[in-house]
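Order-wise, the sequence lines are chains A and B. 10 is the number of the first residue of the first sequence in this note's numbering; add one for each residue after it. 40 is the number of the first residue of the second sequence in this note's numbering; add one for each residue after it. We put the beta carbon where it would ideally sit given N, CA and C, even for glycine. Just so you know, these numbers come straight off a predicted model, no measurement behind them. Encoded as structure tokens, the structure appears first; notes follow it.
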Amino acid sequence: MRSLQSTEAVIAAVLVVVMLLIGLINPAFWGVDNLFSLARANVVIGIMALGVLLIMISGGIDVSFPAISAAALYITVRTMVALGYDGVLLPFIAASVIGVLLGTFNAFIIERFRMIPLIVTLGTASIVRGLVLGLLGTSIVNINKMPKELIAFGKQDLVSVTAQNGATVGLTAMVLVYIGVAVVMHIVLRHTMMGRSVYAYGGDPESARRAGVNTRRTIYFVYCTAGLLAGFAGLLHSSMIWQANPRDFIGLELDVIAAVVLGGASIFGGRGSVLGTMIGVFTLVMIKNSLILMKVDTTWQRVVVGVIIIAATAITAWRDRKKLV
Amino acid sequence: MTVEAERKPLIRRLLGEDAAIVQLAAITLLIFAVMAGLNPDKFLRYYNFESISYVMPELGILCIAMMVAMLTGGIDLSIVAIANLAAITAGIYFRHPAVAESIAAGGAGAVLHTIMGVLIALTVGLAAGLLNGVLIARLRIIPILATLGTGQVFAGLALVLTGGPAIAGYPQAWTWIGTGKLLGIAAPFWILIVVAVVVAVVLRRTHLGVNLMLVGTNARAAVFAGIRSSRMILYSYAMTGLMAAIAGILLSGRTNSAKADFGSSYLLQAVLIAVLGGTNPAGGKGRVAGVLLALVALMLLSSGMQIMRVSNFMIDAVWGAFLVLVIAINYLRSPK
Chain A
10 MRSLQSTEAV IAAVLVVVML LIGLINPAFW GVDNLFSLAR ANVVIGIMAL
60 GVLLIMISGG IDVSFPAISA AALYITVRTM VALGYDGVLL PFIAASVIGV
110 LLGTFNAFII ERFRMIPLIV TLGTASIVRG LVLGLLGTSI VNINKMPKEL
160 IAFGKQDLVS VTAQNGATVG LTAMVLVYIG VAVVMHIVLR HTMMGRSVYA
210 YGGDPESARR AGVNTRRTIY FVYCTAGLLA GFAGLLHSSM IWQANPRDFI
260 GLELDVIAAV VLGGASIFGG RGSVLGTMIG VFTLVMIKNS LILMKVDTTW
310 QRVVVGVIII AATAITAWRD RKKLV
Chain B
40 MTVEAERKPL IRRLLGEDAA IVQLAAITLL IFAVMAGLNP DKFLRYYNFE
90 SISYVMPELG ILCIAMMVAM LTGGIDLSIV AIANLAAITA GIYFRHPAVA
140 ESIAAGGAGA VLHTIMGVLI ALTVGLAAGL LNGVLIARLR IIPILATLGT
190 GQVFAGLALV LTGGPAIAGY PQAWTWIGTG KLLGIAAPFW ILIVVAVVVA
240 VVLRRTHLGV NLMLVGTNAR AAVFAGIRSS RMILYSYAMT GLMAAIAGIL
290 LSGRTNSAKA DFGSSYLLQA VLIAVLGGTN PAGGKGRVAG VLLALVALML
340 LSSGMQIMRV SNFMIDAVWG AFLVLVIAIN YLRSPK
């Protein structure tokens, strides 16, 4: 417990140092508009990261969630357009259900055939992307066709301030959704039997089984919840950018996994926290956004993300090695 | 069909009574028969098989590379990025004014520079593989994350080197590697055969190969048996990187261009074919012959679907479904 807390403290300290450095290089970093847009950029990636966190704690890995998100948002919005339906609650439920169904598929293959999650989710991602693009097409649903209430939902601001240049900038209310999901996830992980069994299963599946954990139910819970969060985050993204693109999120799995690892979760399972993940997501998003502020050429972005993944995993590998001996 | 009928006993003779391989050969024949039956006049044309023999080698070498990484229980998600980076680095070399002039002059100079370019590409691949190996064997980073990270770095570097657009205009000798013919058979196909034979011999007949299998079967027992497993793992990723570079040379030679995000769907296909070919992703089991059979099976499948004008997206979906199906079959076949 103490080591977990200290891990979060270390990540938070790194984050503060990086923020101060970026602020020194370009004071525009501390502008209200930049901070608000940073908060906004955290929401969708953050919700996805909470799903990935759950899977990583259980000792698995998921590379199919971007495909699930894209499928959920595109199927939902296309159905709404086709039916002429407009609303908020029902579509979000529908997108979440699509996510849960695809998560169930992952869980079924992983549990029933005892296959490595990476390979299963690679396959799922390929099937889902292929079917969505092949059957539904590749056309983007634009703002003029997007359901109005969905746009209105994503448009809501918590507070709005007038920036120095006279433009009004708002803090999107979606951060509340993100924080709400995070709080629920934290409570589930720390204060329910289900959450504890995810940690136990990730720590050592065989010991967990002998201690009476229902391992099958744990696997289904983990992948279904991750699917739910992916589907929900997909539609949220769509309502925030006012369009539905079936090719969204390609390659995002790397960023999200990097953020979760950066947040102190161990890929060997059994370790990781909601707070750490949120700090990890914020750090990654901030560094990526700030590369532009610091006038670094955008082509370097991937190199930087890669180096962050390697550095973060090297540190966690070094940390976990002591435990392995 | 007579050729296919003759091949089966030969395969058996080569591989012994390995049930998995025989089953795979049966699947390959079945796919061949179905595709030939559905579309005999288009599928059975010589041209179709010739074009497969040009496209197949680059993917095949990536699959063998993936299999080698899986032997120790690892995986290499950076192979496609390495392939592109190697080809792009060579492309940058060819662009250098002095080199470009000498190549334009033709003759021995052009060939010499092409050989130099090949060496550069191979060096890049080897260095990239060694980096993976050091991260995995020495720093003990788990292979998925290490190669995910290096894959980003390599793809990012490729993007930085090119600035985005594709590099084109490789020398003629270079494009010959990807499009030429030797003794009536595609040049890249020869390279695939050479790589396959070398890797098969290394895995079956050398200490390195045997040790890799042992490390993958039981890493702890291998250490107690005195095997320097971290060195073996380092070598296996170096091999993987080298093979990825060869694949990159073939890909850029065939298309006469190189780009940071070429062949991104090859990654999943390489994993799929390696697993389908009987490689155990948890380590310890894998054969070149199995991977090659799986490769032929899936090349026939996707070429047949292309002839039937199935969209590329649907082909991706079918590949994914095939992977899941193979997982199920492997599970049901394995003894509990």
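- Look at B/Gly99 here: in three-state DSSP terms it is helix.
- For the region 100-131 of chain B, the residues whose beta carbon sits under 8 Å from a beta carbon of chain A are, in order, Ile114.
- Assignment of B/Ala225 by DSSP, reduced to helix, strand and coil, places it in the strand class.
- Across the region 295-309 of chain A, CB contacts with chain B closer than 7 Å involve Thr308 and Trp309, in sequence order along the chain.
- By the 16-neighbour rule on beta-carbons within 10 angstroms, B/Ala108 is buried.
- About 5 Å separates the CB atoms of A/Phe122 and B/Ile366; that is less than 8 Å, so the two are in contact.
- Within the same chain, and ignoring the five residues on either side of A/Thr177 in sequence, the residues whose Cβ sits closer than 8 Å to its Cβ are Ser169, Val170 and Thr171.
- Within the same chain, Cβ atoms closer than 7 Å to the Cβ of A/Asn298 are found at Leu47 and Ala50, the five residues on either side in sequence being excluded.
- Sixteen is the threshold: when 16 or more other Cβ atoms of the shown chains lie within 10 Å of the Cβ of B/Glu97, as they do, the residue is buried.
- Using a 10 angstroms sphere on the CB of B/Ala260, the tally of other CB atoms stays under 16, which defines it as exposed.
- Of the other Cβ atoms in all chains shown, fewer than 16 fall within 10 Å of the Cβ of B/Val240; this residue is therefore exposed.
- Taking a Cβ-Cβ threshold of 7 Å, the residues of chain A close to B/Pro320 are Ile125 and Ile128, in chain order.
- Across the structure, B/Val61 and A/Ser148 are spaced so that their CA atoms are roughly 44 Å apart.
- Sequence-distant Cβ neighbours of A/Ala321 in its own chain, meaning closer than 6 Å and more than five residues away, are Val270 and Leu271.
- At a cut-off of 8 Å between C-beta atoms, A/Arg328 does not count as an interface residue with respect to chain B.
- When Cβ-Cβ separations below 8 Å define contact, B/Val163 makes no contact with chain A.
- Put simply, the CB of B/Gln191 is near chain A, with a gap under 8 Å to one of its CB atoms.
- Ranked by how close their Cα comes to the Cα of A/Gly221, the residues A/Cys233, A/Leu92 and A/Met203 have A/Met203 in first place.
- Taking C-beta separations shorter than 7 Å and ignoring five residues to either side along the sequence, the partners of A/Leu237 in its chain run Ser105, Gly108, Val109 and Gly112, following chain order.
- Among the residues of the region 128-155 of chain A, those with a Cβ less than 9 Å away from any Cβ of chain B are Ile128, Val129, Leu131, Gly132, Thr133, Ala134, Ser135, Ile136, Val137, Arg138, Gly139, Leu140, Val141, Leu142, Gly143, Leu144 and Thr147, in the order of the chain.
- The straight-line gap separating the alpha-carbon atoms of B/Gly130 and B/Ala160 is approximately 9 Å.
- Taking a beta-carbon distance threshold of 8 Å, A/Val90 does not count as an interface residue toward chain B.
- Using a Cβ-Cβ cut-off of 8 Å, B/Ile181 is close to Ile276, Phe277, Thr322 and Ala326 of chain A, given in chain order.
- Under the 8 Å criterion on CB atoms, A/Leu263 is classed as interfacial with respect to chain B.
- Given a length threshold of 3 residues, each whole run of the beta strand (DSSP E) inside the region 102-184 of chain A is given here in chain order: 166-171 and 177-181.
- In the DSSP assignment, B/Ala297 forms a beta bridge with B/Ile206.
- Here the C-alpha atom of A/Gly211 lies approximately 17 Å from the C-alpha atom of A/Met194.
- For the C-beta of A/Phe122, the chain B residues within less than 7 Å are, from N- to C-terminus, Ile366, Ala367 and Tyr370.
- Less than 8 Å separates the beta-carbon of B/Ile312 from that of B/Val330.
- CA-CA distance, A/Val197 to A/Gly240, rounds to 19 Å.
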